[in-house]
Amino acid sequence: MDTAGIDVPNSRAIAKQLLTLAQDPDNQPFIVQEQGCLAGLVQYVQHEDIDVVLIATRALQFLSSHPKNKTAMREFPALVENVKLAKTRSHENPRLDEFARGTLANLGVPVRGYPSGESSDGDEDEENNVDAENVDCTNATSGWRHSVRKKKCDPFASARDNDWLGAGRETSFSRPSRSLETITLAMDGLENYEVRSDVETVVIKVQGVISVTANPSRGFVRIGTRDEIDIVERALVRALSLAGHLAKVVVAPGAARSHVTETKEDGDEYSDDCENYEGYGGFDGDEAEDDDYPEYLEEEDYDDDLSEEGARIARHGFSSLEARLEQQRREEEARKLEKSSRLIGKMSSALSNASSWLMGY
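Going by UniProt numbering, the sequence shown opens with residue 1, and the numbers climb by one from there.
Next up, the structure:
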């Protein structure tokens with residue numbers, strides 16, 4: 001049986017996983033510290049399959065760009081020698097020469113095209129990044145596309161696989177800017193501080209929300225968003241329902257809205273075609289269009305009229321919302337780093353114990 005043929009898919013899958021992890025600067029020191037991962041990449045650079053070599057060399061280029069990794073990688077047995085040997089196979093794929101030269105340059109090894117010690121992850125590499133978005137994946141010899149952005153694809157998969165992923169179809173570089181939309185939710189129990197605080201916390205976590213204004217005395221919460229308003233409305237009602245809060249979307253008279261959602265007592269959603277819920281929670285059409293309540297509150301936009309007696313407004317403008325989102329981002333990054341570290345450790349152990357995967361037989 002041809003065991004080398006069986007090995008290629010396994011090797012390619014492992015190398016791709018290492019490349020994905022290596023693209024994150026936070027992961028790069030951990031990968032190099034795990035001797036099994038680095039040893040595996042060094043072996044993959046000499047693999048018989050050119051795709052495995054490409055992926056491994058690109059991963060080494062990412063790893064070598066981190067300042068903490070340069071010395072350890074330069075001194076790692078056979079790393080520099082294997083990368084130099086891989087460079088001689090660039091006739092099989094022109095990108096291999098770029099990845100190999102970039103790796104050697106990062107490690108301070110003199111190579112033609114890069115001054116010694118110059119990082120290959122600077123402005124030039126920013127343009128030539130093979131991070132699966134700016135590359136024409138359907139033609140390995142076509143070079144880089146700088147003027148358009150591609151749908152995410154796997155630069156090392158077959159042309160057929162990339163076509164299935166939608167490679168080569170142009171998409172806009174940035175999402176078009178949307179105008180600010182305001183969603184008004186009528187709710188009971190906002191006079192209770194704990195209820196109001198919980199509602200604000202739930203709302204802020206919903207994707208697309210950029211501002212929150214709660215008026216306990218009038219029984220409504222106003223949310224600002226630039227995303228698709230129907231989608232955000234559904235997400236808000238669902239999130240509040242799961243948290244045990246009944247919410248109804250209030251639409252101003254004349255507003256064009258494809259649907260209005262609310263929650264039943266059992267937490268399920270249903271749609272209603274009516275465009276206004278007059279009288280719900282003390283809300284009527286005039287209040288829905290009340291100019292005293294701006295659609296989007298930033299610190300400088302607060303109106304003194306909002307502090308009228310009896311109207312305890314809980315406001316979260318851009319600054320406070322940004323702080324909460326930043327805290328959530330840090331927590332998410334910490335969880336992601338912990339997850340990546342565990343995965344790197346498992347891969348290192350697997351690579352150390354499975355030498356047949358590394359050698360191609």
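For glycine and all other residues, C-beta sits at the position ideal for the given N, C-alpha and C.
All values derive from a computational prediction rather than experimental measurement.
Exposure of residue i, with buried meaning 16 or more beta-carbon neighbours within 10 Å
{"i": "residue 250", "result": "buried"}
{"i": "residue 27", "result": "buried"}
{"i": "residue 299", "result": "Unreliable positioning characterises residue 299 in this predicted model, as indicated by a pLDDT of 37, which lies under 50. A coordinate reading is not provided."}
{"i": "residue 309", "result": "Residue confidence is low: residue 309 scores 39 on pLDDT, short of 50, so the model does not pin down where it sits. Its coordinate-derived value is still stated next. Exposed, by the Cβ-count rule."}
{"i": "residue 342", "result": "exposed"}
{"i": "residue 213", "result": "buried"}
{"i": "residue 192", "result": "exposed"}
{"i": "residue 200", "result": "buried"}
Of the listed residues the options, nearest to residue i (C-alpha basis)
{"i": "residue 218", "options": "98, 242, 186 and 225", "result": "186"}
{"i": "residue 46", "options": "192, 197, 206 and 79", "result": "79"}
{"i": "residue 93", "options": "49, 108 and 195", "result": "49"}
{"i": "residue 239", "options": "205, 17, 222 and 213", "result": "205"}
{"i": "residue 184", "options": "214, 200, 194 and 222", "result": "222"}
Close-in-space but distant-in-sequence residues of the same chain around residue i (CB under 7 Å, 5 per side omitted)
{"i": "residue 32", "result": "38, 63, 69, 72 and 73"}
{"i": "residue 25", "result": "66"}
{"i": "residue 345", "result": "34"}
{"i": "residue 198", "result": "243"}
{"i": "residue 355", "result": "Confidence in residue 355 is poor, its pLDDT being 48 and thus under 50, which makes the residue's placement unreliable; the coordinate value appears in the next sentence. Answer for residue 355: no residue qualifies."}
Contacts around residue i, its chain only, beta-carbon distance under 6 Å, and the 5 residues preceding and following it disregarded
{"i": "residue 44", "result": "15, 52 and 56"}
{"i": "residue 208", "result": "225, 227 and 232"}
{"i": "residue 91", "result": "none"}
{"i": "residue 334", "result": "none"}
{"i": "residue 293", "result": "Low per-residue confidence applies at residue 293: pLDDT is 35, beneath 50, and the placement is therefore not dependable enough to give any value."}
{"i": "residue 194", "result": "none"}
Beta-carbon proximity check, residue i vs residue j, cutoff 8 Å
{"i": "residue 236", "j": "residue 203", "result": "yes"}
{"i": "residue 29", "j": "residue 66", "result": "yes"}
{"i": "residue 366", "j": "residue 340", "result": "Examination of residue 366 is not possible in this model, given that the chain is present from 1 through 361 alone."}
{"i": "residue 35", "j": "residue 103", "result": "no"}
{"i": "residue 59", "j": "residue 19", "result": "yes"}
{"i": "residue 234", "j": "residue 216", "result": "no"}
Neighbourhood of residue i by C-beta distance below 8 Å, restricted to the same chain and skipping five residues each side
{"i": "residue 12", "result": "49, 51, 52, 55 and 156"}
{"i": "residue 85", "result": "45 and 46"}
{"i": "residue 83", "result": "45, 57, 60, 100, 103 and 104"}
{"i": "residue 337", "result": "26 and 27"}
{"i": "residue 89", "result": "50, 53 and 96"}
CB contact check: residue i to chain C, cutoff 8 Å
{"i": "residue 49", "result": "Chain labels in this structure do not include chain C; a single protein chain is all it has."}
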